[in-house]
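Just so you know, the protein sequences line up as chains A and B, in that order.
Add 1209 to the 1-based position in the first sequence for the numbering used here, that's all there is to it.
Add 1209 to the 1-based position in the second sequence for the numbering used here, that's all there is to it.
Heads up: the structure comes next, in structure tokens.
2 protein chains.
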Amino acid sequence: MTPYLEAHSAQVREAAERIRPHVRRTPSLTTDLDPELRLKPECFQVTGSFKVRGAFNAILTLAAQQPMPAGFIAVSSGNHAQAVALAAATVGLPALVLIPEGSNPAKVAATRALGAEVIQEGITFVTREQRLREEMAARGLTMVHPFDDWNVIHGQGTAALELLEDSPDLQVIAAPLGGGGLLSGTAISAKSHDPAVRVIGVEPAVADDAYRSWKAGTIQTLAATPQTLADGVRTTAIGTRTFEVMFAQGLVDEVVLVTEEEIAAAVRVAWSRLHLALEPTGALPLAAYLSGKLPAGRTGLILSGGNANLETVATLLRTP
Amino acid sequence: MTPYLEAHSAQVREAAERIRPHVRRTPSLTTDLDPELRLKPECFQVTGSFKVRGAFNAILTLAAQQPMPAGFIAVSSGNHAQAVALAAATVGLPALVLIPEGSNPAKVAATRALGAEVIQEGITFVTREQRLREEMAARGLTMVHPFDDWNVIHGQGTAALELLEDSPDLQVIAAPLGGGGLLSGTAISAKSHDPAVRVIGVEPAVADDAYRSWKAGTIQTLAATPQTLADGVRTTAIGTRTFEVMFAQGLVDEVVLVTEEEIAAAVRVAWSRLHLALEPTGALPLAAYLSGKLPAGRTGLILSGGNANLETVATLLRTP
């Protein structure tokens, strides 16, 4: 194992200890689809997605420092917002979340219910970075980045750590790929467990910036926010840290693209045959599996969350 | 412990050993709803419902006898059909399943896909008993009753056995109540674990025959097949064996009725907040919990299955 991988995998194990009292150890599931398949359903995680793993690791670490932060700020259209809200409330510090207008109202309501202040007015995917800097400066808040933050990456790696504890002989692990936090953490856990495990990121074809970054060897950026069913991976570019882990260090073997139709079909299979109420983003690895785009072998799918827009899902269930 | 309870609980433990290679040990889940709650999601069981537990216990027992049965026959509108089809195929014997016309087409297709012969033409809830006797006589098939059969009852009891292994300190256990097979097995496992555990059956108010049987002390029969969202509990009367376990022996403490609105609300909560794609029957105990109809205390809910009619669920998800 390289010193790089050794250091990062030690930090994932430290993260697992740090967040243990606050997150849920989700089960590994077998299915009627294929005896080679293992699912890690993070829809059963606290707040309904894996995002609490990284948010708790970051916020517990920051809150233990002197001087203690005044509070936290995050930009998120969804699950990271709820995760930061809960972790901040747990350590007794305020959280401000900037959520772009037009985001899933259920996720906004859940974030407010967890005690965070939410600003939506005037927030767009274009204006949010500027607004973030203004609010940070005005209030002295500490940012919790949704993916390009080492504490977040190490926290997200605990999902694959658990999956590999339950199924040490996995040959393939696939996870959704947006900003790359979950996939980077997954790759650190998988490659430190066994360098032969194939680590695959699954990205919507209409949001292929990570795929193109992998091919180009430099970070590629989408010109506009992609319109995909998988609303958890609408970031326009991966981060410098996640690029480093995934592609510069080569811990990710492959990026696979799935179409919107393949994502929709995977949601239907998840809901009707696996009985998992996944959000479309959470179904990305299943979409790649069902489309025959993953390598053969004993395969673990990290199904990242379940906070679906019910109107969208009701429509999908009616489509044959 | 009474000799009666001791004998039956020993048979549940034997059933657990017998069926272990063929069924799935479903996980116990905690939730964001209530720290006192434990879920046993049998939607993740092989074929999507608990019914394989009883069907495998019955069919493995019968297939080991001499002379070996010629094959098996069952009457079912749903999950029992798939369970018998799979268990019969596993022991290499034929299965004939009579499914009433108008039943959920997905369940019919799944039963055929598992290798069973299915007869639907001319089968109604009124004619099916007569047709069953004719086919049994003509083909020499052995019946696997969906609930009023000791092997089936003991097999169903293995779900609560696992739940209590995971959470030995439960104070309340609730299960759906139709013919009473699952609830009888649950009661045997719970009361032999700890007589103080409160065992609750949950029945739709529009199908209240078991509730009335509990109150009257004799088996009461509905005049017609009830129209309830919970299509897994449309039986018109419980059986003599399940009446004995639940009410004559007093192993069930209470029967709770839930309205159709409460069932619909529970399905929505299951799908949107618990991320479990339950069928309405599987959500019955959750409906009782959410309506405040269960006793206080650490509570286990046996969520019996997930084979929902997608059209029905799509409609429910759209209803606020």
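Where is the CB? At the ideal position from N, CA and C, for every residue including glycine.
Nothing here was measured: the structure is a model prediction, and the numbers come from that model.
- Quick one: Cα of Thr-1239(A) to Cα of Ser-1481(A), how far? Looking up residue 1239(A) in the first sequence gives position 30. Looking up residue 1481(A) in the first sequence gives position 272. Rounded to whole angstroms, Thr-1239(A) to Ser-1481(A) spans 15 Å at the Cα level.
- Can the beta-carbon of Arg-1490(B) be found closer than 8 Å to that of Phe-1334(B)? Here residue 1490(B) is taken as the residue at index 281 of the second sequence, counted from 1. Here residue 1334(B) is taken as the residue at index 125 of the second sequence, counted from 1. One detail in the question is off: residue 1490(B) reads as Thr in this sequence, not Arg. No.
- Item | chain B contact residues for Gly-1441(A), given Cβ-Cβ distances below 9 Å | The residue you call residue 1441(A) lines up with position 232 of the first sequence. What Gly-1441(A) touches in chain B: nothing, since even the nearest Cβ is about 14 Å away.
- Message: For Val-1221(B) and Ser-1500(B), which I take to be in contact (beta-carbon distance under 8 Å), what is that distance rounded to the nearest angstrom?
- Response: Here residue 1221(B) is taken as the residue at index 12 of the second sequence, counted from 1. Here residue 1500(B) is taken as the residue at index 291 of the second sequence, counted from 1. Wrong, their Cβ atoms sit about 30 Å apart, outside the cutoff.
- With 8 Å as the threshold, decide whether the Cβ of Asp-1243(A) is near any Cβ in chain B. Residue mapping note: residue 1243(A) aligns to position 34 of the first sequence, counting from 1. False, the Cβ-Cβ gap to chain B never drops below 8 Å.
- CA nearest to the CA of Gly-1349(A), picked from Thr-1367(A), Pro-1276(A), Thr-1444(A), Gly-1331(A): Within the first sequence, numbered from 1, the residue matching residue 1349(A) stands at position 140. Comparing Cα positions, the closest option is Pro-1276(A).
- Message: Cβ closer than 8 Å: which chain B residues qualify as neighbours of Thr-1239(A)?
- Response: On the first sequence, residue 1239(A) is found 30 positions in, with the first residue counted as 1. Simply Arg-1233.
- Message: Beta carbons nearer than 7 Å to chain A: which residues of the stretch 1367 to 1382 of chain B have them?
- Response: none
- Item | For Phe-1253(B), three-class secondary structure by DSSP | Stepping through the second sequence from its first residue, residue 1253(B) is reached at position 44. It is helical.
- Item | chain D contact residues for Gly-1426(A), given Cβ-Cβ distances below 9 Å | Protein chains A and B are contained in the structure displayed, whereas chain D is not.
- Are the beta-carbon atoms belonging to Gly-1364(B) and Ala-1283(B) less than 8 Å from one another? Start at 1 with the first residue of the second sequence, and residue 1364(B) comes out as number 155. Start at 1 with the first residue of the second sequence, and residue 1283(B) comes out as number 74. It is not a contact, given that the beta carbons lie outside the stated cut-off.
- Message: Just to confirm before moving on: does the CB-CB distance between Gly-1509(B) and Ile-1382(B) stay below 8 Å?
- Response: What you label residue 1509(B) is simply residue 300 of the second sequence in a count that begins at 1. What you label residue 1382(B) is simply residue 173 of the second sequence in a count that begins at 1. For Gly-1509(B) and Ile-1382(B), yes; Cβs fall inside 8 Å.
- Message: For a test of the three-state rule: what should DSSP assign to Ala-1439(A), helix, strand or coil?
- Response: Here the question's residue 1439(A) lines up with position 230 in the first sequence. Correct three-state label for Ala-1439(A): coil.
- Residues near Lys-1316(B) by beta carbon distance below 8 Å, same chain, minus five either side: For this step, residue 1316(B) is matched to residue 107 along the second sequence. Once the five neighbours on either side are set aside, the close Cβ partners of Lys-1316(B) are Ser-1286, Gly-1287, Asn-1288, Ala-1290, Gln-1291, Ile-1308, Asn-1516.
- Message: I'd like to check one pair, Gly-1448(A) with Gly-1389(A): are the Cβ atoms closer than 8 Å?
- Response: As a working note, residue 1389(A) is residue 180 in the first sequence. As a working note, residue 1448(A) is residue 239 in the first sequence. The answer is yes: Cβ separation under 8 Å.
- Message: Looking at the secondary structure, which residues open and close the alpha helix (DSSP H) in which Ile-1268(A) lies?
- Response: Here the question's residue 1268(A) lines up with position 59 in the first sequence. 1260 to 1272 is the extent of the alpha helix (DSSP H) around Ile-1268(A).
- Between Ile-1332(A) and the rest of its own chain, which residues show a CB-CB distance below 7 Å, the 5 nearest in sequence each way excluded? Your numbering for residue 1332(A) matches position 123 in the first sequence. Same-chain partners within the cutoff: Leu-1307, Ile-1308, Pro-1309, Glu-1310, Arg-1340.
- Given that a residue counts as buried once 16 or more other Cβ atoms are within 10 Å of its Cβ, and exposed if not, what is Pro-1244(A)? On the first sequence, residue 1244(A) is found 35 positions in, with the first residue counted as 1. Counting Cβ neighbours within 10 Å, Pro-1244(A) comes out exposed, since fewer than 16 surround it.
- Cβ pair count under 8 Å reaching 3, the stretch 1451 to 1470 of chain A against the stretch 1391 to 1407 of chain A: yes
- Report the rounded CA-to-CA distance for Glu-1471(A) versus Leu-1372(A), giving the unit in angstroms. Here residue 1471(A) refers to the residue found at position 262 of the first sequence. Here residue 1372(A) refers to the residue found at position 163 of the first sequence. Their Cα atoms are separated by approximately 25 Å.
- Message: Report the CB separation of Leu-1248(A) from Ser-1237(A) in whole angstroms; it is logged as a contact under 8 Å.
- Response: Working through the first sequence from its first residue, we reach residue 1248(A) at position 39. Working through the first sequence from its first residue, we reach residue 1237(A) at position 28. With 8 Å as the limit, Leu-1248(A) and Ser-1237(A) qualify as a contact, their Cβ atoms being about 7 Å apart.
- Query: Between which two residues does the alpha helix (DSSP H) harbouring Thr-1521(A) extend?
  - Reply: Here residue 1521(A) refers to the residue found at position 312 when the first sequence is read from its first residue. Where Thr-1521(A) is concerned, the enclosing alpha helix (DSSP H) stretches over 1519 to 1527.
- Query: Around the C-beta of Arg-1443(B), are 16 or more other C-beta atoms found within 10 angstroms, so that it is buried, or is it exposed?
  - Reply: Numbered from its first residue, the second sequence carries residue 1443(B) at position 234. When all chains shown are included, Arg-1443(B) counts as buried.
- Assign Pro-1504(A) to buried or exposed, taking buried as 16 or more other Cβ atoms, counted over all protein chains shown, within 10 Å of its Cβ. To locate residue 1504(A), count along the first sequence from 1; it is residue 295. Pro-1504(A) should be labelled exposed.
- Message: Quick check on DSSP: helix, strand or coil for Gly-1280(B)?
- Response: As a working mapping, residue 1280(B) is identified with position 71 in the second sequence. Reduced to three states, the DSSP call for Gly-1280(B) is coil.
- Closer than 8 Å, Cβ to Cβ, to anything on chain A: give me those residues from the stretch 1249 to 1266 of chain B, in chain order. Pro-1250, Cys-1252, Phe-1253, Val-1255, Thr-1256, Gly-1257
- Task: Please list, in chain order, all residues of the same chain as Ala-1224(A) whose beta carbon is under 6 Å from its beta carbon, the five residues on each side excluded.
- Result: Here residue 1224(A) refers to the residue found at position 15 when the first sequence is read from its first residue. Excluding positions up to five away in sequence, the list reads Asn-1266, His-1363, Gly-1364, Thr-1367.
- Query: Does the beta carbon of His-1354(A) come closer than 8 Å to any beta carbon on chain B?
  - Reply: As a first step, residue 1354(A) must be located in the first sequence, where it is residue number 145. Cβ-Cβ to chain B under 8 Å: no for His-1354(A).
- Message: So, under 8 Å CB-CB, Ala-1416(A) and Leu-1438(A) are touching, yes? Tell me the CB distance rounded to an integer number of Å.
- Response: Locating residue 1416(A) in the first sequence gives position 207, counting from the first residue. Locating residue 1438(A) in the first sequence gives position 229, counting from the first residue. The Cβ separation is near 10 Å, so there is no contact.
- Query: Between Arg-1477(B) and the rest of its own chain, which residues show a CB-CB distance below 8 Å, the 5 nearest in sequence each way excluded?
  - Reply: Here residue 1477(B) is taken as the residue at index 268 of the second sequence, counted from 1. So the qualifying residues of the chain are Leu-1525, Leu-1526, Thr-1528.
- Task: Please list the segments of the beta strand (DSSP E) lying wholly inside the stretch 1402 to 1468 of chain A, counting only runs of 3 or more residues, in order along the chain.
- Result: 1407 to 1413, 1463 to 1467
- Task: Starting from the beta carbon of Ala-1272(B), find every residue of chain A whose beta carbon is closer than 9 Å, and list them in chain order.
- Result: Taking the second sequence and counting its residues from 1, the one referred to as residue 1272(B) is at position 63. Within chain A, no residue comes near Ala-1272(B); the closest Cβ sits about 22 Å away, beyond 9 Å.
- Distance CB(Ala-1304(A))-CB(Glu-1326(A)) smaller than 8 Å: The residue labelled residue 1304(A) in the question sits at position 95 within the first sequence. The residue labelled residue 1326(A) in the question sits at position 117 within the first sequence. Yes, they are a contact pair.
- Message: Residues of chain B with CB closer than 8 Å to the CB of Arg-1527(A), please, in chain order.
- Response: Taking the first residue of the first sequence as position 1, residue 1527(A) is located at position 318. Under the 8 Å cutoff, chain B gives Leu-1519, Glu-1520, Ala-1523.
- Message: Between the alpha carbons of Ala-1479(A) and Asn-1518(A), how many angstroms are there, rounded?
- Response: In the first sequence, counting from the first residue as 1, residue 1479(A) sits at position 270. In the first sequence, counting from the first residue as 1, residue 1518(A) sits at position 309. Their backbone Cα atoms lie some 15 Å apart in a straight line.
- Would you list, in sequence order, the uninterrupted alpha helix (DSSP H) runs of no fewer than 4 residues that lie entirely inside the stretch 1320 to 1359 of chain B? 1337 to 1348
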